[in-house]
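Chains as they are written, first to last, in the working numbering: chain A, 9 to 358; chain B, 31 to 379.
Ideal Cβ placement from N, Cα and C applies to all residues, glycine included.
What you are looking at is a predicted structure, and each value in this text was computed from that prediction instead of being measured.
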């Protein structure tokens, strides 16, 4: 079970070089996932939900990559497709040099050992009829680690996430939400993965417990040298934990840069609106809030041109027709990708 | 890190006793008085039926009491064990001089006039003079073991088929479920009869009882298949199933270790209820003459037999009827209690 050294600490610097040596652990290229909508007696495909429609990014070893966007923008689908819990429609994912989508189904097992997931809902993510020790040890069992070695590992991870090893025989309903989320984390850790997809791991928790779980994730990252793909809709949480952040809107990535740059100098009008909506615990502060008009259009039939144009405060006629390019407008040393033609490179601060 | 929450959590957990889910279910089951009564009746019936015929002085199929029907023990005054009241009605005789008609009275010991040894038949004898109690117990053996075996196989089959159907979805699901729909739309009684006739001479182990079991299983798995399919459809998209997949667990493991155990509670309830149903079903078929064949007793054919003589021996209908009623009722009570006891949303303590 000592297949991965836990002391391998690779902490990425928050400032990245776009064209340096490639330190990425995961590359996502032009990922597409369309879900069929079936109807009628013959279950014919009536339409496609374009949940993810051409998303590219890379994640560097040891960093936390935040993925934000509102509900239904496809961020969760991105996470699940990367792990092949959902089969992709098109695109490519390279994990540590291996093409995930080209891997045969039976070889996926080996790959899964290195890529794990923490789920959003600590109530439905644990099998209610299985003692938590068994749930945590399931991965070990599947990968051929049994008996005392597996037991010991389960006790170890339980301890590492701050739970009593003796509780491994208890059932999920005997734990609180925060404790269950720790169990979910322990389960993801048991196999000593390299990458963990955190699918909104704190959004189901009380605010008081959120920070504890976030800190735990931080500590474990250092200890195990983990890389996180951190999916969230809460910008404060993402700001707290991420090194780099990607913003998604309606199945597309609209902006991607490092955390500081994104929060200080958001370029895409959607990102600006999101950031202006983050609550600030200061009642005297007067801010200019950007209120978006309308609702998110249906991913069944996304708008033409730039997908954001019906709600965009700075949209021009051209935006309706021409899809903006995905381009890097960052200044020296900082990458800053954005998909908006109305953004000038090196635009002045807000 | 997280000190406050953890300490609290630990105390809370220390207070909760380690208790297996089985004992929780048992404790909740016991709260239902009717279910406990039902369980007692069912166990009593089962014990009586399985031990009874062994210790009974009579054989179920042997003609006793000179081929005469007696109503059973009505009055047995103390100290008169040997010379019992002997109050027989006027016997009707057939052409071949065999007595076919019936006592209105009670029997024990010896009939001094006729030199026939009249033994004690607690529930009397049927019109052929066979001991009713022994036949009732022997018939119960058949009915109960048939019900248990049929329900067990039926539910296992239905669970596996339903789980596969839901888990794989798509055309697999469509094919299986259309098959189920087809089986359900068939009018069951004529099918039972036809199958019974077709299978009768095909060397099914257990004779007419074995045939009955095969027929019941063949037509009866659809209910639990639907039930499990519905459960698994909702379970398979829950995150714990996805988590198992993310671990690299095989489809088989996910279905057997995660989905089926979580879908099992309603299956257990429906199985319990189905036992009563099979007992009644066996009785109906045997009553119609398509079930257990005479001379072997079953509650159904005893009932059918008694019905022909309902005016002469009205009591003969009562015993098998009561047995069927009690069995069905007690399993239904248990099923209801089990439903509550297995509900995870029910209060735990």
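Straight-line Cα distance separating residue j from residue i
i: residue 218 of chain A; j: residue 192 of chain A; result: 14 angstroms
i: residue 20 of chain A; j: residue 206 of chain A; result: Interpretation of residue 20 of chain A is limited by its pLDDT of 38, a score under 50 that renders its predicted location unreliable; the figure taken from the coordinates is listed afterwards. The straight-line gap from Cα to Cα measures roughly 18 angstroms.
i: residue 88 of chain A; j: residue 64 of chain B; result: 49 angstroms
i: residue 245 of chain A; j: residue 279 of chain A; result: 15 angstroms
i: residue 255 of chain A; j: residue 297 of chain B; result: 46 angstroms
i: residue 35 of chain B; j: residue 234 of chain A; result: At residue 35 of chain B the pLDDT is 43, less than 50, meaning the model places this residue with poor confidence and gives no usable figure here.
i: residue 277 of chain B; j: residue 331 of chain B; result: 56 angstroms
i: residue 221 of chain A; j: residue 136 of chain A; result: 22 angstroms
i: residue 226 of chain B; j: residue 308 of chain B; result: 16 angstroms
i: residue 188 of chain B; j: residue 113 of chain A; result: 29 angstroms
i: residue 193 of chain B; j: residue 204 of chain B; result: 13 angstroms
i: residue 140 of chain B; j: residue 55 of chain B; result: For residue 140 of chain B, the predicted structure reports a pLDDT of 43, less than 50, and the residue's modelled location is therefore unreliable. A value from the coordinates is still provided. When rounded, the distance between both Cα atoms is 54 angstroms.
i: residue 286 of chain A; j: residue 268 of chain A; result: 15 angstroms
i: residue 49 of chain A; j: residue 57 of chain A; result: 20 angstroms
i: residue 319 of chain A; j: residue 292 of chain A; result: 29 angstroms
i: residue 247 of chain A; j: residue 238 of chain A; result: 11 angstroms
i: residue 138 of chain A; j: residue 159 of chain A; result: 15 angstroms
i: residue 91 of chain A; j: residue 229 of chain A; result: 19 angstroms
i: residue 71 of chain B; j: residue 78 of chain B; result: 10 angstroms
i: residue 83 of chain B; j: residue 145 of chain A; result: 51 angstroms
i: residue 326 of chain A; j: residue 66 of chain A; result: 30 angstroms
i: residue 236 of chain A; j: residue 369 of chain B; result: 43 angstroms
i: residue 305 of chain B; j: residue 170 of chain A; result: 48 angstroms
i: residue 34 of chain A; j: residue 69 of chain A; result: 8 angstroms
i: residue 167 of chain B; j: residue 155 of chain A; result: 49 angstroms
i: residue 221 of chain B; j: residue 190 of chain B; result: 24 angstroms
i: residue 156 of chain B; j: residue 164 of chain B; result: 11 angstroms
i: residue 337 of chain A; j: residue 349 of chain A; result: 11 angstroms
i: residue 225 of chain A; j: residue 213 of chain B; result: 53 angstroms
i: residue 239 of chain B; j: residue 197 of chain B; result: 35 angstroms
i: residue 128 of chain B; j: residue 85 of chain B; result: With a pLDDT of 38 at residue 128 of chain B, under the threshold of 50, the modelled position of that residue is not reliable, and no figure is offered here.
i: residue 47 of chain A; j: residue 55 of chain A; result: 9 angstroms
i: residue 251 of chain B; j: residue 185 of chain B; result: 6 angstroms
Chain A residues whose Cβ lies nearer than 7 angstroms to that of residue i
i: residue 288 of chain B; result: 135
i: residue 230 of chain B; result: Residues of chain A passing the Cβ test: none, with the nearest at roughly 41 angstroms.
i: residue 291 of chain B; result: 137
Reference residue i, options the options, closest by Cα
i: residue 224 of chain B; options: B/210, B/288, B/202, B/320; result: B/320
i: residue 132 of chain A; options: B/323, B/267, B/72; result: B/267
i: residue 149 of chain A; options: A/213, A/195, A/79; result: A/195
i: residue 118 of chain A; options: A/142, A/152, A/190, A/143; result: A/152
i: residue 333 of chain B; options: B/191, B/89, B/169; result: B/169
i: residue 265 of chain B; options: B/249, B/282, B/290, B/250; result: B/290
i: residue 346 of chain B; options: B/161, B/199, B/322; result: B/161
i: residue 357 of chain B; options: B/317, B/218, B/178, B/164; result: B/178
i: residue 259 of chain B; options: B/271, B/286, B/293, B/201; result: B/293
i: residue 362 of chain B; options: B/249, B/181, B/302, B/60; result: B/302
i: residue 329 of chain B; options: B/253, B/241, B/175; result: B/175
Cross-chain neighbours of residue i in chain A, by beta carbon under 8 angstroms
i: residue 212 of chain B; result: Going along chain A, no residue has its Cβ under 8 angstroms from residue 212 of chain B, so there is no contact; the nearest lies around 16 angstroms.
i: residue 320 of chain B; result: Those do not exist, as residue 320 of chain B stays about 38 angstroms from chain A at its closest Cβ, beyond 8 angstroms.
Within chain B, partners of residue i - CB distance below 7 angstroms
i: residue 78 of chain A; result: By Cβ distance, chain B contributes nothing, its closest Cβ being about 21 angstroms from residue 78 of chain A, past 7 angstroms.
i: residue 91 of chain A; result: 276
i: residue 202 of chain A; result: Under the 7 angstroms cutoff, chain B gives no residues; its nearest Cβ is about 14 angstroms from residue 202 of chain A.
Per-residue contacts from residue i into chain B (C-beta, under 8 angstroms)
i: residue 104 of chain A; result: Those within 8 angstroms of residue 104 of chain A in chain B number zero; the least Cβ separation is about 16 angstroms.
i: residue 120 of chain A; result: 276, 277, 278
Interface partners of residue i on chain B, CB under 9 angstroms
i: residue 179 of chain A; result: 51
i: residue 195 of chain A; result: 273, 277
Residue i beta carbon near the ligand GDP (any heavy atom closer than 7 angstroms)
i: residue 57 of chain B; result: The model depicted lacks the ligand GDP and carries no ligand whatsoever.
Min CB distance residue i to chain E below 8 angstroms
i: residue 117 of chain A; result: Any reference to chain E falls outside this structure, whose protein chains are A and B.
Chain B contacts made by the segment 122-133 of chain A, where a contact means CB separation under 7 angstroms: Close to chain B, meaning a Cβ-Cβ distance shorter than 7 angstroms, are the following residues of the segment 122-133 of chain A: 124, 125, 127, 129, 132, 133.
Contact set between the segment 51-81 of chain B and chain A, restricted to residues whose Cβ is under 9 angstroms from the partner: Taking 9 angstroms as the Cβ-Cβ cut-off against chain A, the residues of the segment 51-81 of chain B that qualify are 51.
Near-chain A residues of the segment 268-284 of chain B (beta-carbon distance less than 9 angstroms), N- to C-terminal order: Listed by position, the residues of the segment 268-284 of chain B near chain A (Cβ gap below 9 angstroms) are 268, 269, 270, 271, 272, 273, 274, 275, 276, 277, 278, 279, 280, 283.
Selection of the segment 136-155 of chain A by Cβ proximity to chain B, strictly under 7 angstroms: Within the segment 136-155 of chain A, the residues whose Cβ lies closer than 7 angstroms to some Cβ of chain B are 136, 137, 146, 147, 150, 151, listed in chain order.
3 or more residues per run - each beta strand (DSSP E) lying fully within the segment 240-318 of chain A: Runs of the beta strand (DSSP E) lying entirely within the segment 240-318 of chain A and spanning at least 3 residues, in chain order: 252-257, 260-266.
Length-filtered (4 minimum) alpha helix (DSSP H) runs lying within the segment 291-354 of chain B: If we require 4 residues or more, the alpha helix (DSSP H) runs fully inside the segment 291-354 of chain B come out as 329-338.
Uninterrupted alpha helix (DSSP H) stretches inside the segment 183-229 of chain B (no shorter than 4 residues): You should have 200-215.
Positions along the segment 45-61 of chain A whose CB lies within less than 7 angstroms of some CB in chain B: Answer in chain order: no residues at all.
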